[in-house]
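**Q** The number in the numbering used here is simply the position in the sequence shown, starting from 1, with 3 added. Every residue gets a Cβ at the ideal spot worked out from N, C-alpha and C, and that includes glycine. No experiment lies behind these values; they were computed from the predicted model shown. One structure, pasted below without further comment.
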Amino acid sequence: MNIPRIYVAGHRGMVGSAIVRNLLAHGHPASHIITRTHSELNLTQQADVRAFFAAEKPDQVYLAAAKVGGIHANNTFPADFIYQNLMMQANVIEAAFGNGVKKLLFLGSSCIYPKLAPQPMAENALLTGLLEPTNEPYAVAKIAGIKLCESYNRQFGASHGVDYRSVMPTNLYGPGDNYHPENSHVIPALIRRFHEAKMQAAPEVAIWGTGTPRREFLYVDDMAAASVHVMNLPAATYQQHTQPMLSHINVGYGEDMSIAELAHSVARTVGYTGHITFDTTKPDGAPRKLMDSSRLHSLGWQAQVDLPTGLALAYQDFLKQEPRTA
C-alpha cells in the first residue's frame, strides 16, 4: 500500500499542530509527514517554495499556514495581512500544482462572510455583502485562497486530476492557543484573566460589553478531525455536496452561546469564584456569529468535544504554557 507523503504547512500553529496530532494518532507514520518551520522555509518567497516542492514531492498538502491576529493587529498591519497571506497561498498552491500534487486542503476563516450575513452563516453567503472593515484585508486574502483552489480545479481537474478543497472554521480554541494579554481571542483571554484573578484572589472580574453577543466555539482537535475527514472524502462525494464555484465547507460546533454564558463556564473551569461584571461602555461587536455546518454534517462529520471538556483541556494547556505567557 502506498502511504502518502503529507506536507502540513503551518505545523507549529494551533490548527496545523492539531492536524499533525490527528495524522499520527490514526497511524500515519511520522516519516511521511513533512514540516518546515518559518525560519527553514518562508512561504512568501516563491523561488524557495518551488524548490521545496520540487525536492520533497508531497502527495497531499494541508495549507494551515497563515498570518493571523486579533482586531488590533488586523487594524494596525492591514498591508502585512493581505500581502503575506496572498503570497503564501498563491506560492503553495501553484508549487503544489507544478509538482503534481493532486490533493490539497486550504484552511480559511469565518471572517470571509459579510458583516451582516444571515445567521447561521451558510456557504452561499460568500460574496453577498460588505465585509467587517477591521479584518477585510485578511478576509479578502482568505476568499482569494478559496477561489485559487476552485480555479485550479476548474482548469486542471479533468486534465491533471487536481482536487483542491477548502474548509472554513468557526472560532477555535484548545492546545497551542495564544494567551497573550492583548492579542488573544476570547477563550484564551478569559482563561488568562480568570486564572490571574484566582491567583490574586481578586473579588471581581469585568468583561467587555454586555455579555449578550452569541458566539460559536470549536475545539481545535475537532477542527483537525474535520480537515482530515474532508481531505479523504471520495471526489464524487465531495462534488455531490458542493459546486465548482461554491466549493468551501463550513466547520462549526453547531451551537452558540452568549459571552456571559461563556465567561461563567470559563470561570468554573479555572476555579474562580469571585463576581463577574460586564463593562457596558465597551463594544460588543456583532450580535451573533454562528456557522451553518449542515453541509459538513451531511458528509458524515460531527464535532465530538463539548465545551466543558474542551475548556478543561485548554486550561491544562495554559497551565503548561504559563511561564511563557507572562
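From Phe321 to Val223, what distance separates their C-alpha atoms?
**A** Position 318 of the sequence shown holds residue 321. Position 220 of the sequence shown holds residue 223. Going by the C-alpha atoms only, they are around 14 angstroms apart.
**Q** For a quick check, are the C-beta atoms of Arg218 and Val189 less than 8 angstroms apart?
**A** Translated into positions along the sequence shown, residue 218 becomes position 215. Translated into positions along the sequence shown, residue 189 becomes position 186. Yes. Within cutoff.
**Q** Hey, Ala99 and Phe159: beta-carbon distance below 8 angstroms or not?
**A** Taking the first residue of the sequence shown as 1, we reach residue 99 at position 96. Taking the first residue of the sequence shown as 1, we reach residue 159 at position 156. Taking 8 angstroms as the Cβ cut-off, Ala99 and Phe159 do not qualify as a contacting pair.
**Q** Going by beta carbon distance, what residues of the same chain come within less than 8 angstroms of Ala289, once the five residues before and after it are set aside?
**A** Counting from one through the sequence shown, the residue named residue 289 turns up at place 286. The residues are Lys118, Glu135, Pro216.
**Q** Going residue by residue through the stretch 35-81, where are the continuous alpha helix (DSSP H) segments of at least 4 residues, counting only ones entirely within it?
**A** 49-59, 74-79
**Q** Here's the rule I'm using: 16 or more other beta-carbon atoms within 10 Å means buried, otherwise exposed. How should Arg402 be labelled?
**A** In the structure as shown, the chain starts at 4 and stops at 329, and residue 402 therefore has no counterpart that could be examined.
**Q** Comparing alpha-carbon positions, which option in Glu59, Thr280, Val18, Ile96 lies nearest Lys150?
**A** As a first step, residue 150 must be located in the sequence shown, where it is residue number 147. Minimum Cα distance to Lys150 is reached at Ile96.
**Q** Excluding five sequence neighbours on each side, which residues of the same chain lie with their C-beta closer than 7 angstroms to the C-beta of Ala93?
**A** For the purposes of this step, residue 93 is taken as residue 90 along the sequence shown, with counting starting at 1. For Ala93, where only same-chain residues beyond five positions count, the Cβ hits under 7 angstroms are Leu151.
**Q** So, is Gln63 buried or exposed, given that buried needs 16 or more other C-beta atoms within 10 angstroms?
**A** Position 60 of the sequence shown, counted from the start, is the residue given in the question as residue 63. Buried.
**Q** At the level of alpha carbons, what is the spacing between Ile74 and Glu126?
**A** Position 71 of the sequence shown, counting from 1, holds the residue named residue 74. Position 123 of the sequence shown, counting from 1, holds the residue named residue 126. Distance between the alpha carbons of Ile74 and Glu126 is about 23 angstroms.
**Q** If you draw a straight line from the C-alpha of His278 to the C-alpha of Asn181, how long is it?
**A** Position 275 of the sequence shown, counted from the first residue, corresponds to residue 278. Position 178 of the sequence shown, counted from the first residue, corresponds to residue 181. Computed Cα separation, rounded: 25 angstroms.
**Q** If I measure Cβ to Cβ from Ser20 and keep anything under 7 angstroms in the same chain, skipping five residues before and after, which residues do I get?
**A** Taking the sequence shown and counting its residues from 1, one reaches residue 20 at position 17. Result list for Ser20: His14, Gly179, in chain order.
**Q** Which one or two residues does DSSP pair with Val104 in a beta bridge?
**A** Taking the sequence shown and counting its residues from 1, the one referred to as residue 104 is at position 101. The secondary-structure analysis by DSSP pairs Val104 with nothing; it has no beta-bridge partner.
**Q** Does the beta-carbon of Leu27 have 16 or more other beta-carbons within 10 angstroms, so that it is buried, or is it exposed?
**A** If you number the sequence shown from 1, residue 27 lands on position 24. It is exposed - the Cβ of Leu27 has fewer than 16 other Cβ atoms within 10 Å.
**Q** Here's a check: name, in chain order, each residue in its chain whose Cβ is nearer than 8 angstroms to the Cβ of Thr280, leaving out the five neighbours to either side.
**A** Position 277 of the sequence shown, counted from the start, is the residue given in the question as residue 280. The residues are Glu207, Val208, Ala209, Ile210.
**Q** Can you tell me whether Gly148 is buried or exposed? The criterion is at least 16 other CB atoms within 10 Å of its CB, across all chains shown.
**A** Residue 148 sits at position 145 when you count from the first residue of the sequence shown. Counting Cβ neighbours within 10 Å, Gly148 comes out buried, since at least 16 surround it.
**Q** When DSSP labels each residue in this structure, what does Ser20 get in the three-state scheme?
**A** Here residue 20 refers to the residue found at position 17 when the sequence shown is read from its first residue. Here Ser20 sits in helix by DSSP.
**Q** From the DSSP output, read off the bridge partner residues of Leu175.
**A** Stepping through the sequence shown from its first residue, residue 175 is reached at position 172. DSSP lists Leu221 as the beta-bridge partner residues of Leu175.
**Q** Identify every residue that forms a DSSP beta bridge with Glu207.
**A** For the purposes of this step, residue 207 is taken as residue 204 along the sequence shown, with counting starting at 1. Its beta-bridge partners are His278.
**Q** Give me the residue from Pro184, Arg196, Ile85, Tyr176 with the minimum Cα distance to Lys145.
**A** Stepping through the sequence shown from its first residue, residue 145 is reached at position 142. That would be Ile85, whose Cα lies nearest to the Cα of Lys145.
**Q** In the stretch 132-181, which residue ranges form an unbroken beta strand (DSSP E) of at least 3 residues, counting only runs that do not cross its ends?
**A** 166-172, 174-176
**Q** Beta-carbon separation of Ala68 and Met90 under 8 angstroms?
**A** Working through the sequence shown from its first residue, we reach residue 68 at position 65. Working through the sequence shown from its first residue, we reach residue 90 at position 87. No. Outside cutoff.
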